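Accompanying notes for the structure given below.
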DNA sequence: GATTTAACTGAACATTCGTTCATATCAAAG
DNA sequence: CTTTGATATGAACGAATGTTCAGTTAAATC
């Protein structure tokens, strides 16, 4: 029995990626089998290979796609005002973007070691790109006298770590709304780097 | 052929834990086989079961041991001065303690999902204990008028995330010494929460 | 209605997995 | 020297792994 109902082209592909994303985030790449992913999609394991050449590519494409979305989303925002205004925009953007895709964020941070060396280098370069965006903002602010940080690179790492940490506890529908969380974190970021 | 040279009691056990720690950190719990661990120790896989009832216990004991060491080390420090002084001590302690055991820290953060529910609850409770230590410091500082943070619990999570992030980039022998890193981070933490 | 083709099945492949256990070896105790 | 007990081997277990592929089905095309 094959193709049990209707044409699935263009619909099974996304479903495979969705299932892989959720399962990888929940149990980890190495702990998830192709048969589990297939089971979530409602298909046999062999059918997955119509949508990915192998398991490694499935992971890599999820991570690469996430990082490229992240960069494109930030680069797509208008950057108006001084360094302070842009840093606030970055802070709020980072929290919002990451809180909307907890599974992809989780995978992008936790599964780096399960990438082949070549794939790792690609994803790592994208991550560095993103970190450099923030570092540039901080450096510009220092030059303008708006910020005072001794090491912009380190401050960038510190801010990103702090903001990404929101994902470990924030749940939509909890006590605090996302705008409230943004305000609290922006207050801390601003005070931490202000001149 | 068995016990090929001398008595190994009391020495193989730690070597098993050391190998498991390094391998779990490098490749992830699910991606490491008992045979790999045994190979690192220079022993056959079956021999590991003289030192752990199973693979899961090996992971759990590593994580529990790390968290209990962390709590004991902090609780063992003298807490003198006002909330500001204690927060500085906490900041420097956290950076130093974590930078000294990158593998254990990595595992404690990344392998939570590979614990059985019961083991997870135990480790999670220890983590919450640690977070509560910092939250108490912040709350005390707010009461004393030294700090100004709207949500001590969230501020505690933010500070811990920021400080633990040091492990992602810091390497001994790099451009910055550990005391320099401590100073940079303490400066950011202080400004982020000061009244 | 016949033909084509994308989509999927189900079985099979060689490996590897965690774990168990009968057996062998060596250090220490008597 | 003999006995004992801890320590390790090496083979074996059933189960699960990623991946391949010939064959089957049903939708789309003519």
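Residue numbers (the working numbering), protein chains in the order written: chain A, 1 to 195; chain B, 196 to 390.
Yeah, the Cβ is synthetic: ideal placement off N, Cα and C, and Gly gets one too.
All values reported here derive from a predicted model rather than from experimental measurement.
- Query: How would you list, in chain order, the residues of chain A whose beta-carbon sits under 7 Å from the beta-carbon of residue 379 of chain B?
  - Reply: In the second chain, residue 379 of chain B corresponds to position 184, counting from 1. Chain A residues near residue 379 of chain B: 150, 151, 154.
- Starting from the N-terminal side, write out each stretch of the beta strand (DSSP E) that is 3 residues or longer and does not extend beyond the stretch 279–362 of chain B. none
- Which whole-angstrom value describes the C-beta separation of residue 380 of chain B and residue 158 of chain A, a residue pair presumed to lie in contact below a C-beta threshold of 8 Å? For this step, residue 380 of chain B is matched to residue 185 along the second chain. For this step, residue 158 of chain A is matched to residue 158 along the first chain. Indeed, because the Cβ distance is near 7 Å, the residues count as touching under 8 Å.
- Step through the CB atoms of chain B and report whether any lies within less than 8 Å of the CB of residue 168 of chain A. For the purposes of this step, residue 168 of chain A is taken as the residue at position 168 of the first chain. At a cut-off of 8 Å between beta-carbon atoms, residue 168 of chain A makes contact with chain B.
- Query: Would a C-beta distance cut-off of 8 Å place residue 48 of chain A and residue 38 of chain A closer than the cut-off?
  - Reply: As a first step, residue 48 of chain A is located in the first chain; it is residue number 48 there, counting from the start. As a first step, residue 38 of chain A is located in the first chain; it is residue number 38 there, counting from the start. Yes, Cβ-Cβ distance for residue 48 of chain A and residue 38 of chain A is below 8 Å.
- For residue 1 of chain A, which residues from the same chain have a beta carbon less than 6 Å from its beta carbon, with the 5 sequence-adjacent residues on both sides left out? Within the first chain, numbered from 1, the residue matching residue 1 of chain A stands at position 1. At residue 1 of chain A, the pLDDT of 43 sits below 50, so the modelled position is not reliable and the matter cannot be decided from this model.
- Quick one: which chain A residues come within Cβ less than 7 Å of residue 293 of chain B? In the second chain, residue 293 of chain B corresponds to position 98, counting from 1. Here the premise fails: no neighbours, minimum Cβ distance about 12 Å.
- Message: Which residues in chain A have a C-beta closer than 7 Å to the C-beta of residue 360 of chain B? List them in chain order.
- Response: Taking the first residue of the second chain as position 1, residue 360 of chain B is located at position 165. 157, 158, 161, listed in chain order.
- Contacts of residue 260 of chain B in chain A (Cβ-Cβ under 9 Å): Along the second chain, read from residue 1 onward, the residue named residue 260 of chain B stands at position 65. The premise fails here: residue 260 of chain B is roughly 22 Å from chain A at the closest Cβ pair, so nothing lies under 9 Å.
- Query: Whose C-beta lies closer than 8 Å to the C-beta of residue 61 of chain A among residues of the same chain, with five residues either side of it excluded?
  - Reply: For the purposes of this step, residue 61 of chain A is taken as residue 61 along the first chain, with counting starting at 1. Here the set comprises 17, 52.
- Between which two residues does the alpha helix (DSSP H) carrying residue 252 of chain B extend? Position 57 of the second chain, counting from 1, holds the residue named residue 252 of chain B. For residue 252 of chain B, the enclosing alpha helix (DSSP H) has its first and last residue at 250–270.
- Query: Among B/330, B/262, B/225, B/210, which one has its Cα closest to the Cα of residue 317 of chain B?
  - Reply: Within the second chain, residue 317 of chain B is the residue found at index 122, counting from 1. For residue 317 of chain B, the nearest C-alpha among the options comes from B/262.
- Query: Nearest-angstrom Cα distance between residue 266 of chain B and residue 57 of chain A?
  - Reply: For the purposes of this step, residue 266 of chain B is taken as the residue at position 71 of the second chain. For the purposes of this step, residue 57 of chain A is taken as the residue at position 57 of the first chain. Note on geometry: alpha-carbon atoms of residue 266 of chain B and residue 57 of chain A lie some 41 Å from one another.
- Task: Taking C-beta pairs closer than 7 Å, name the residues in chain A that residue 323 of chain B reaches, listed in chain order.
- Result: Indexing the second chain from 1 puts residue 323 of chain B at position 128. Residues of chain A passing the Cβ test: none, with the nearest at roughly 11 Å.
- Message: I need the straight-line Cα distance from residue 222 of chain B to residue 82 of chain A, nearest angstrom please.
- Response: For the purposes of this step, residue 222 of chain B is identified with residue 27 of the second chain, where counting begins at 1. For the purposes of this step, residue 82 of chain A is identified with residue 82 of the first chain, where counting begins at 1. If I take the Cα positions, the gap works out to 43 Å.
- Determine the contact status of residue 328 of chain B and residue 269 of chain B, defining contact as a CB-CB distance below 8 Å. Locating residue 328 of chain B in the second chain gives position 133, counting from the first residue. Locating residue 269 of chain B in the second chain gives position 74, counting from the first residue. Contact flag set, yes.
- Message: For a cutoff of 8 Å on Cβ pairs, would you count residue 222 of chain B as touching chain A?
- Response: Indexing the second chain from 1 puts residue 222 of chain B at position 27. Answer yes: the Cβ-Cβ gap between residue 222 of chain B and chain A drops below 8 Å somewhere.
- Item | Extent of the continuous alpha helix (DSSP H) to which residue 40 of chain A belongs | Sequence index remark: in the first chain, residue 40 of chain A carries index 40 (1-based). Counting along the chain, the alpha helix (DSSP H) containing residue 40 of chain A begins and ends at 34–41.
- Task: Mind the definition here: the stretch 375–389 of chain B touches the stretch 185–194 of chain A only if three or more C-beta pairs lie below 8 Å; say whether that holds.
- Result: yes
- Query: At least one CB of chain A closer than 8 Å to the CB of residue 196 of chain B: is that the case?
  - Reply: As a first step, residue 196 of chain B must be located in the second chain, where it is residue number 1. Note on residue 196 of chain B: pLDDT 43, under 50, position unreliable in the model; no value is reported.
- Item | Span separating the alpha-carbon of residue 128 of chain A from that of residue 153 of chain A | Position 128 of the first chain, counting from 1, holds the residue named residue 128 of chain A. Position 153 of the first chain, counting from 1, holds the residue named residue 153 of chain A. Cα to Cα, the separation comes out at about 11 Å.
- Inter-residue Cα distance where the pair is residue 180 of chain A and residue 216 of chain B: Counted from its first residue, the first chain places residue 180 of chain A at position 180. Counted from its first residue, the second chain places residue 216 of chain B at position 21. Their backbone Cα atoms lie some 39 Å apart in a straight line.
- Pull up the distance between the alpha-carbon of residue 311 of chain B and that of residue 32 of chain A, whole angstroms please. Position 116 of the second chain, counted from the start, is the residue given in the question as residue 311 of chain B. Position 32 of the first chain, counted from the start, is the residue given in the question as residue 32 of chain A. Just so you know, the alpha carbons of residue 311 of chain B and residue 32 of chain A end up roughly 16 Å apart.
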